[in-house]
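Right, one structure below, let's go through it.
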Amino acid sequence: MKFEEFLMQREEVNQKRLELEAEVAHLQEVLENEQKLNTVLHRVLHGSFVCHSCLSSSSSSSVSSQVQILIGEIAKVEEEIIYLERKVDEIKLNLHQEKKYKKECQQLQWEQKLQRHHIKEEGSHGLLIEQSPNMEIINQIPINERNTWLQLVAEAKSLHYKKISDNEADENTDKFQQPYQIQGFRNEETYRGAPNKLSEQLIKILVSIFKKLIVPQAHLECEATTAPKLNISCIRSKSFMPKHLTSSRAPIIFQGTQIQDPYSILPDGDIGPYKKFIQLTTSTLDLNRIVLCLPAIEKLRFLIHKLTVVELHFLSYKQRLPFWINIYNASIMNAFLQHGLPTSPGKLLKLLNKAAFNVGGIVLNALAIEHFILRCSSDVKNGTVDEKEAQLRHTYGLGYPEPNITFALCRGSCSSPALRVYTADNVVNELERAKVEFLEASICITSKKKIVIPKLLEWHMLDFADDIESLIEWIYSQLPRSSSLKRSMMEWLSSDNRTSLSKMVEIKPYNAEFRYLLSNY
1 MKFEEFLMQR
11 EEVNQKRLEL
21 EAEVAHLQEV
31 LENEQKLNTV
41 LHRVLHGSFV
51 CHSCLSSSSS
61 SSVSSQVQIL
71 IGEIAKVEEE
81 IIYLERKVDE
91 IKLNLHQEKK
101 YKKECQQLQW
111 EQKLQRHHIK
121 EEGSHGLLIE
131 QSPNMEIINQ
141 IPINERNTWL
151 QLVAEAKSLH
161 YKKISDNEAD
171 ENTDKFQQPY
181 QIQGFRNEET
191 YRGAPNKLSE
201 QLIKILVSIF
211 KKLIVPQAHL
221 ECEATTAPKL
231 NISCIRSKSF
241 MPKHLTSSRA
251 PIIFQGTQIQ
261 DPYSILPDGD
271 IGPYKKFIQL
281 TTSTLDLNRI
291 VLCLPAIEKL
301 RFLIHKLTVV
311 ELHFLSYKQR
321 LPFWINIYNA
331 SIMNAFLQHG
341 LPTSPGKLLK
351 LLNKAAFNVG
361 GIVLNALAIE
371 HFILRCSSDV
381 KNGTVDEKEA
391 QLRHTYGLGY
401 PEPNITFALC
411 RGSCSSPALR
421 VYTADNVVNE
431 LERAKVEFLE
441 ASICITSKKK
451 IVIPKLLEWH
461 MLDFADDIES
471 LIEWIYSQLP
481 RSSSLKRSMM
491 EWLSSDNRTS
501 LSKMVEIKPY
511 NAEFRYLLSN
521 Y
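Residue numbers are given in UniProt numbering: position 378 of the sequence shown equals residue 378, and the series is strictly consecutive.
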């Protein structure tokens, strides 16, 4: 009985084994079919080309007819996509070439237009020469520049000028009394060069013009007797200098590069790097030397025209800041060439109204640049802003003010800081340097134990401190350790003095007399 049961169990085991082997074989076949299908689908999904005949012959048993049809359609769609992608690439290439050609044509037209404008200027932009230049003046011009200079003189003589009537002059004066004026049109072409480089070139060319007007003492007597009388203007036909400055009675003395006391505070004090600057005053200018500046004046007019078509919307904060500082300083220097040197603070203020440039189609004077773009006016702080002013700030403004511009904006007066060129790459360090050097040159401790502070710093005190006492602390903190002024202030602050600190401060009045301090560029 037990033997029979054993045989039956063995037979059942064999039967189960056969069933399991059959099931494994079936599953193995299913796995192989799935692997083949996976391979085909993988090729299709990853872009491998699978022909319809290969698909039918190799996987007819594993791939259903519906899947085969679907895969075939996918292959056709893939081929169509490849074709369309090639067409898109071809169209993009043609479009790029067309844009490049159009840009080159526009650039060529722009250069031709500038060249025509450079050669043919309106009468209001011309030069007026009353007498032929003396040969001694011509001999001072370098030989390689002499032909160019003679051509410019001939061109200037051939120009015709239209005299402005009194009514037209009044209209022009009223136009510049407004802080800014939006032009009704814009040039189609925009200046392709960097606006910052253009602003730097404006400052440099203006500085070169003023430097050429400085008369060395050795040539004073010779030039005073032989040089012709000239009348020049970059924009308007007004004299460059007041008549009393060009008369024979006005002494012309070359000041050199050593400046003992530029702000008249303490002759024996250490003024820092300012002692290396060139001082240019009314007594150092000789209008007769203007013939040496004709090529530079032509370049100045060319740069001013470029300024009318600059595009500023893409500039960053660090690019806008030096651009507007340079434009502000250049507009005032150019105004001196146009309208002459002011003889009183009131005339200096009027000159700031007239010191204007067309920047990208918008005419802005120096006051508008300072108060609407570079500084934050009291109206903005109080929340009352004119619509046009708000639009100007939004389009050209800095976004937030930079207090150190106080030490960069130069009005060409005896109380102004030195004139410099500011660059986008290093404007922060340049402003910091301008601040420290101005503080060292304009502040001192007197023998009466009083600290002398310039009026300019008091005007803008709230940009740095809350009151006069905190302003003194701020000045001390800004000076380098090696500064002799800082050592003097340390001794002054640490001395036993029961008097209020504010009573020990002396404000140096603002001096509006013409003067430029020029560093070496």
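A virtual CB, placed ideally from N, CA and C, is assigned to each residue, including glycine.
Given the structure is predicted, the values throughout are model-derived calculations rather than measurements.
Going by C-alpha distance, which of the options is nearest residue i?
i, options, result
"Leu285", "Glu437, Glu370, Lys503, Ile209", "Ile209"
"Leu392", "Ser415, Ala418, Leu364", "Leu364"
"Val421", "Glu200, Val13, Pro195", "Glu200"
"Lys306", "Leu341, Phe336, Ala194, Leu321", "Ala194"
"Leu501", "Tyr510, Met489, Pro509, Ile82", "Met489"
"Leu303", "Ile203, Thr39, Ala335", "Ile203"
"Ser283", "Ile271, Leu41, Leu213", "Leu213"
"Leu419", "Pro322, Pro401, Cys376", "Pro322"
"Gln338", "Pro345, Lys350, Gly346, Ser344", "Lys350"
"Ala434", "Tyr101, Val427, Phe407", "Phe407"
"Ile71", "Leu431, Asn38, Asn288, Trp492", "Asn38"
"Gln279", "Gly340, Val215, Gln319", "Val215"
"Val427", "Leu41, Gln106, Arg320", "Arg320"
"Leu348", "Pro401, Asn429, Ala512", "Ala512"
"residue 540", "Phe372, Leu341, Arg481", "No information on residue 540 is available, as it lies outside the stretch 1 to 521 that the chain covers here."
"Tyr263", "Tyr510, Glu5, Phe6", "Tyr510"
"Ser483", "Asp270, Ala25, Asn429", "Asp270"
"Ile69", "Ile81, Leu41, Leu431", "Leu41"
Output the boundary residues of the beta strand (DSSP E) element that contains residue i.
i, result
"Val359", "356-359"
"Leu479", "That residue, Leu479, is in no beta strand (DSSP E); it is neither H nor E in DSSP."
"Pro454", "451-454"
"Leu300", "Looking at the DSSP string, Leu300 is not in any beta strand (DSSP E); the run it does join, the alpha helix (DSSP H), is 294-307."
"Val421", "Per DSSP, Val421 belongs to no beta strand (DSSP E) and is neither H nor E."
"Glu387", "Premise fails: Glu387 lies in the alpha helix (DSSP H), 387-396, not in any beta strand (DSSP E)."
"Leu280", "278-281"
"Lys508", "505-508"
"Leu364", "362-365"
Once you ignore the five residues that flank residue i on each side, which residues in its own chain have a CB closer than 6 Å to its CB?
i, result
"Arg515", "Thr281, Cys414"
"Val77", "none"
"Leu456", "Ser415"
"Ile468", "Ser502, Val505"
"Glu155", "At Glu155 the pLDDT is 44, less than 50, meaning the model places this residue with poor confidence and gives no usable figure here."
"Gln66", "none"
So the alpha helix (DSSP H) residue i belongs to, where does it begin and stop?
i, result
"Lys318", "317-339"
"Ile443", "No alpha helix (DSSP H) contains Ile443, which DSSP labels as neither H nor E."
"residue 532", "The question about residue 532 has no answer, for the chain in this structure spans 1 to 521."
"Arg515", "Segment 515-518 is the beta strand (DSSP E) holding Arg515; no alpha helix (DSSP H) there."
"Leu493", "484-494"
Contact criterion: CB-CB distance below 8 Å. Does residue i meet it with respect to chain B?
i, result
"Asn94", "Here chain B cannot be found, since the structure has a single protein chain."
Pull up the CB-CB distance for residue i and residue j, whole angstroms please, since I reckon it's below 8 Å.
i, j, result
"Asn196", "Ala441", "About 27 Å; that fails the 8 Å criterion."
"Leu300", "Ile205", "5 Å"
"Ile332", "Ala296", "18 Å between Cβ atoms; not a contact."
"Ile443", "Leu485", "6 Å"
"Tyr274", "Glu437", "6 Å"
"Val88", "Leu518", "At roughly 59 Å, the Cβ-Cβ gap does not stay under 8 Å, so Val88 and Leu518 are not in contact."
"Leu439", "Ile405", "With 8 Å as the limit, Leu439 and Ile405 do not qualify as a contact, their Cβ atoms being about 15 Å apart."
"Trp492", "Ile453", "Not confirmed; about 13 Å, so no contact."
To which residues of the same chain is residue i closer than 7 Å at the C-beta, ignoring the five residues directly before and after it?
i, result
"Gly399", "Tyr317"
"Ala366", "Tyr328, Ser331, Ile332, Leu352, Ala355"
"Phe464", "Pro403, Leu471, Trp474"
Spatial neighbours of residue i within its chain, please: CB distance less than 8 Å, with the 5 preceding and 5 following residues excluded, ordered by chain position.
i, result
"Leu198", "Tyr191, Leu303, Lys306, Leu307, Val310"
key: the region 500-510 contacting the region 468-482, beta-carbon criterion three pairs below 8 Å   = yes
key: Inter-stretch contact at 8 Å, needing at least 3 Cβ pairs: the region 288-296 / the region 454-469   = no
ask   = Does the region 310-329 come close enough to the region 476-486 that 3 or more CB-CB pairs lie under 8 Å?
value = Output reads no: the region 310-329 does not touch the region 476-486.
request  = Determine contact between the region 347-359 and the region 311-331, defined as no fewer than three beta-carbon pairs at a distance below 8 Å.
outcome  = yes
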